[in-house]
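One structure is given below, encoded as structure tokens.
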Amino acid sequence: MEACTGRLLVATPGLRDGSFRRSVVLVLEHTADGALGVVLDRPLDVDASAVLPRWQPHLSAPGRLFNGGPVARDSVLALADVDRDDVPPGVQALETRLGVVDLDAPPELVAGGVRGLRLFVGYAGWAAGQLDAEVEAGGWFVVDHEPGDAFSTDPRGLWRRVLRRQPGDLALLSTAPDDVSMN
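Position in the sequence shown (from 1) plus 10 gives the number in my numbering.
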């Protein structure tokens with residue numbers, strides 16, 4: 011099992027699943043029991059005010075809800091860009107600069123101690139061994155994330171940008187056409 015926690019899954023150009031086609035997923039947890047992450051590059055045309063109005067003024071640009079994945083579409087997960095040495099109340103640090111936000115905490119208390127905040131409707135989930143099999147089958151590239159990836163102001167361009175900064179042939183894939191059969 012390749013350790014994917016804290017890393018990005020970048021969909022290969024051949025991955026056709028509608029939920030993940032040309033997506034970038036931040037893996038929040040990957041264990042022998044399965045994996046969980048959020049899709050970073052799928053902003054919705056819905057302001058957070060539609061479901062969590064108290065959080066709307068504190069969101070990072072573009073200030074929208076994000077489609078976090080096809081699982082539990084009736085739930086919302088929040089990520090924050092935090093200083094690991096000064097994590098505000100209501101945030102559970104995951105690693106160096108990321109934390110999961112308790113949405114029951116007062117938004118003003120959380121927002122004052124974070125550099126970025128994003129809300130995801132649903133999440134991406136894999137059963138035990140499923141993600142490993144998908145990576146081995148060539149559905150995903152596993153790459154390191156950079157601090158700004160989860161809070162990009164241009165989330166729709168993230169797939170190409172993440173691939174472009176990779177070494178070797180992966181960078182070339184950033185220029186692949188949307189329909190690879192047109193190549």
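Virtual Cβ for every residue (Gly too), placed ideally from N, Cα, C. Since the structure is predicted, the reported quantities are computational estimates derived from the model, not experimental observations.
The straight-line gap separating the alpha-carbon atoms of Asp-57 and His-68 is approximately 12 Å.
In this chain, the beta strand (DSSP E) harbouring Val-92 covers 81-92. In this structure, DSSP gives Arg-166 a helical state, which the three-state scheme calls helix.
Assigned with DSSP and collapsed to three states, Arg-17 falls in strand. The segment 104-118 makes no contact with the segment 170-179; the number of CB pairs closer than 8 Å stays below 3. Counting only residues of its own chain and dropping the five nearest sequence neighbours on each side, Leu-183 has a CB closer than 7 Å to the CB of Pro-23 and Leu-173.
Distance from Ala-82 to Gly-132 at the Cβ level is roughly 5 Å; contact confirmed, criterion being Cβ atoms closer than 8 Å. DSSP places Arg-175 in the coil class of the three-state scheme, outside both helix and strand. Under the three-state reduction of DSSP, Pro-53 is assigned to strand. With a cut-off of 8 Å on Cβ pairs, the segment 137-154 is not in contact with the segment 88-108, counting fewer than three such pairs.
Secondary structure of His-155 (DSSP, three-state): coil. Of the residues Asp-142, Gln-140, Leu-108 and Gly-100, the one whose Cα lies closest to the Cα of Gly-126 is Leu-108.
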